[in-house]
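*Asks:* The sequence shown begins at 41 in my numbering and counts up one residue at a time.
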Amino acid sequence: MEWKNEYSVGILEIDDQHKLLLRSFTTVEESIKLGEGWSNTHYAILELNQLARMHFTFEEAIMHMFGYPEAEAHKKEHQHFFIRMANIERHSLKKSAEVEMVQFLRGWLTSHILGSDRGYAEHIFAGAQVVRSNHDSLIHTD
Ligand SMILES: [Fe+2]
Ligand SMILES: [Fe+2]
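Here it is in structure tokens:
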């Protein structure tokens, strides 16, 4: 699965992370297609999970930093990714589960990056400000 310019959310750092994620998706996909066996596929899945965890943490920090109102719903989508990955991996010895995984990965990638991720990027581009500290609460009165 190759990177296309239409996947861009307009934020360089996020696009770079998405490119890495895509490459990792592709490694999993190819491992399955080539029938590399459970251990190789399992390792590729572990890498993908790790990369996804770092990327999601980064995105969630940005969303909170810019006060994105849909942050919690977006976070749930990220959590759902790991739940699905775990379920699929549990059944990864079955050929049908592998096909299901490839379809899931592709579907998740396009709907999440092209939809949900674009949501917080547009929130930022619309002029969202960084959520500021409440200075009053920092003043010690005792
Ligand atoms: Fe996301
Ligand atoms: Fe993302």
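Even for Gly, the Cβ is constructed at its ideal location relative to N, Cα and C.
If you count every other CB in all the chains shown that lies within 10 Å of the CB of Met125, and 16 or more means buried, which is it?
*Replies:* When all chains shown are included, Met125 counts as buried.
*Asks:* Can you tell me where the alpha helix (DSSP H) holding Phe165 begins and where it ends?
*Replies:* That run of the alpha helix (DSSP H) goes 157 to 165.
*Asks:* Apply the 10 Å Cβ neighbour rule to Leu154 and answer buried if 16 or more other Cβ atoms are within range, or exposed otherwise.
*Replies:* Counting Cβ neighbours within 10 Å, Leu154 comes out exposed, since fewer than 16 surround it.
*Asks:* Under the three-state reduction of DSSP, which class applies to Ser79: helix, strand or coil?
*Replies:* Ser79: helix per DSSP, three-state reduction.
*Asks:* Between Trp78, Asn89, Ile123, which lies nearest to Leu62 when the distance is taken from Cα to Cα?
*Replies:* Leu62 has its Cα closest to that of Asn89, out of Trp78, Asn89, Ile123.
*Asks:* Within 8 Å: the Cβ of Glu110 and any heavy atom of ligand 2?
*Replies:* No - ligand 2 has no heavy atom lying nearer than 8 Å to the Cβ of Glu110.
*Asks:* Return helix, strand or coil for Ile85, following the three-state DSSP convention.
*Replies:* Ile85 falls in the helix class under three-state DSSP.
*Asks:* Straight-line CA distance for Arg157 to Ser173?
*Replies:* At residue 157 the sequence reads Asp, which differs from the Arg that was named. Each residue's Cα considered, the two are about 26 Å apart.
*Asks:* Here's the rule I'm using: 16 or more other beta-carbon atoms within 10 Å means buried, otherwise exposed. How should Ser71 be labelled?
*Replies:* Buried is the call here.
*Asks:* Could you say which of His163, Val170, Leu149 lies nearest to Trp46 if we only look at CA atoms?
*Replies:* Just to set this straight, residue 46 is Glu in the shown sequence, not Trp. Nearest option by C-alpha distance: Leu149.
*Asks:* What residue range is occupied by the uninterrupted alpha helix (DSSP H) comprising Phe65?
*Replies:* Its alpha helix (DSSP H) spans residues 52 to 73.
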